[in-house]
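Residue numbers (this note's numbering): 1 to 632. Even glycine gets a Cβ: it sits at the ideal position worked out from N, Cα and C. Since we're looking at a predicted model, the values are computed, not measured. Accompanying notes for the structure given below.
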């Protein structure tokens, strides 16, 4: 038996009889999400599934000589988190190349990181900061300027993406991207220029982010061996926060099959540590129907395995039907007449048993799409068994929600407002921001809802930041947006981040809750999500993450119990030196908080003294304090 220091469980003697567990977790506070048994203190795992759940006595007979026993030391355990909208495939292919500003508390620190990285980045390579941060998180409450990027890295191209709104480039990056005074603004984008007409390093999505992503695409990419290493480290980073599953929403510049080859090879080698359900997104305008037809005639959703499976099409079906999500710009009006091609795409998918997801930020888009679905419902194509959903839906109306419910649809919500909430409120008003999106209304209507991040190019991939937003309605800059009636309990939010994601892939009978027969996917947390101060929620991490009975991440007391990963390659890349998300202390343990607690303790002492005085058990005036330091 290999174990952490434990007591109360002894291994059975003699050889294994085939009934002993591979892994036993004990001394835990397990939140199961199973109504039949909401809580437990121990569980046992064999062949990747939970075989027993209860207390120490329920698992004692399952411990044999080869069983690994882990003592949770009284920590909270939750089902493995499942991000229902994460660009995990694209994120993995680029992860080690990116300097992550996720969680960095000040612009000064961010620029110092950039300056240090410039010293090790080889000639020809770029430094890229791509998503996971906002100016609101910095103490300075502002973005860097192109001049500051140039001062930090005079000769190395630097590309910094800020939400869906803009990108900031230093002079070297302007040159490397080929921008000159003669470069025309692309459709939907703007190259900002100085008084002489030269590009000044600022690119604006106006409102399309294509100019941002097409510029980023000019940076050098990794070769296949390093893409594999990069993806493994990104999956390990997701495991760090307790993620065991993710639904990949595809996206622009993610071509099938070439960009899916890395996760396919990792799945074939048994090296995935996050279960992935992926979508297919037609990339070329004008040939969307041809791509969808070829895919539907080749494979069926759900034909993969428990680690890698096709979930359907989207989050775009046709380019003309997609709106934009840049809240610093006015809502775009979609082209008239896109419904014809869109209807053909939806009909094709429904007739072949394919589910789909649709990027739709605004109610105006959702209403037009729903009209198409209601037309197809006359042919029996809605509602039907194959799952479909809208993504984002920040401004969806109550009427549209009722139509979605009637057509059997679902919704995947993300915490994009954590990062863009101030811009949204400034454009549409505090009233609109208070219910963007109206999650509690969705749940009241019985609509299946999954929660996620939409990482990595805008929101951070840290799921606890998203859970904090669902629970508190506050942005990463601590701006309160949502009233109490639009907030979720911690248990509700966690369910959307576990069972909600499983419903989107049709796997709610396998994962999302901890019960006998289900996947052994769970996380032991650094802090108790159900009881910590709300401000501490974004600072939670896993100290142990298990996927399919495998320990895929281990830290703190459990360091070294997880599976090894190869060193970061190339060795000069930012992740090799800075890692990923920057951990900072929870607010409840900062110096100011400690001072507050001491003040509270002093006040309690004084109240206790006055209580004793009132009862005659202490003098009215306290005895003088003798301090020899003041004796002359």
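- Each of 57, 307, 87, 104 was checked against the Cα of residue 477, and the nearest Cα belongs to 104.
- For residue 73, the secondary structure class from DSSP, reduced to helix, strand or coil, is coil.
- The C-beta of residue 456 has 16 or more other C-beta atoms within 10 Å across all chains shown, which makes the residue buried.
- By the Cβ rule, the region 398–406 counts as touching the region 363–374, because three or more pairs are nearer than 8 Å.
- The beta carbon of residue 363 is closer than 7 Å to those of 395, 396, 397, 400 in its chain, skipping five residues each way along the sequence.
- Distances from the alpha-carbon of residue 529 to those of 286, 495, 519 put 495 closest.
- Setting aside the 5 residues that flank it on each side, residue 99 is surrounded in the same chain by 113, 114, 117, 127, 128, 129, 574, 578, each with a C-beta closer than 8 Å to its C-beta; the list follows chain order.
- A Cβ-Cβ separation of about 5 Å places residue 235 in contact with residue 274 under the 8 Å criterion.
- One Cα belongs to residue 454, the other to residue 85, and the distance between them is close to 5 Å.
- Fewer than three pairs of CB atoms, one per stretch, sit closer than 8 Å, so the region 338–358 makes no contact with the region 430–438.
- Selection 468, 517, 540 evaluated against residue 76 yields 540 as nearest (Cα-Cα).
- If only uninterrupted beta strand (DSSP E) runs of at least 3 residues are considered, those enclosed by the region 402–429 are 410–414.
- Listed in chain order, the non-local C-beta contacts of residue 238 below 6 Å within the same chain comprise 274, local neighbours out to five positions each way being set aside.
- Inclusion of residue 169 and residue 131 in the CB contact set at 8 Å is not warranted, their separation being larger than that value.
- In this structure residue 514 touches residue 43 by the C-beta definition: roughly 7 Å separates them, less than 8 Å.
- Residue 391 sits in a strand when the DSSP states are folded into three classes.
- Beta-carbon to beta-carbon, residue 94 and residue 246 are separated by about 16 Å, too far to satisfy the 8 Å threshold.
- Here residue 327 really is in contact with residue 427; their C-beta atoms are around 6 Å apart, less than 8 Å.
- Here the region 349–360 lies against the region 378–392, with 3 or more beta-carbon pairs under 8 Å apart.
- For residue 470, the enclosing alpha helix (DSSP H) stretches over residues 463–472.
- Under the Cβ criterion (8 Å, minimum of three pairs), the region 171–186 counts as touching the region 196–215.
- Judged by DSSP secondary structure, residue 82 falls within the beta strand (DSSP E) whose first and last residues are 81–86.
- Burial state of residue 157 is buried, judged by a 10 Å Cβ sphere holding 16 or more other Cβ atoms.
- Counting C-beta atoms within 10 angstroms of its own C-beta, residue 287 has fewer than 16 neighbours from the protein chains shown and is therefore classed as exposed.
- Residue 315 and residue 279 have their alpha carbons spaced roughly 7 Å apart.
- By the criterion of a C-beta distance shorter than 8 Å, residue 585 is surrounded in its chain by 539, once the five residues flanking it on both sides are discounted.
- For residue 47, no pairing in a beta bridge is given by DSSP.
- One Cα belongs to residue 211, the other to residue 67, and the distance between them is close to 54 Å.
- Excluding the 5 residues flanking it on each side, residue 271 has same chain C-beta neighbours closer than 7 Å at 232, in chain order.
- Of the residues 122, 332, 284, the one whose Cα lies closest to the Cα of residue 318 is 284.
- The shortest C-alpha to C-alpha distance from residue 542 to any of 382, 243, 187 is the one to 243.
- For the set 445, 171, 60, the Cα lying nearest the Cα of residue 26 is the one of 60.
- Between residue 50 and residue 520 the beta-carbon gap is near 5 Å, inside 8 Å, which marks them as a contact.
- Counting the other Cβ atoms within 10 Å of the Cβ of residue 134 gives 16 or more, which makes it buried.
- Within the region 156–227, the runs of beta strand (DSSP E) at least 3 residues long that lie entirely inside it are, in chain order, 158–162, 166–169, 189–193, 199–205.
- Non-local C-beta neighbours of residue 189 in its own chain, meaning closer than 7 Å and more than five positions away in sequence, comprise 203, 204, 205, 206, 208, 210, 211, ordered along the chain.
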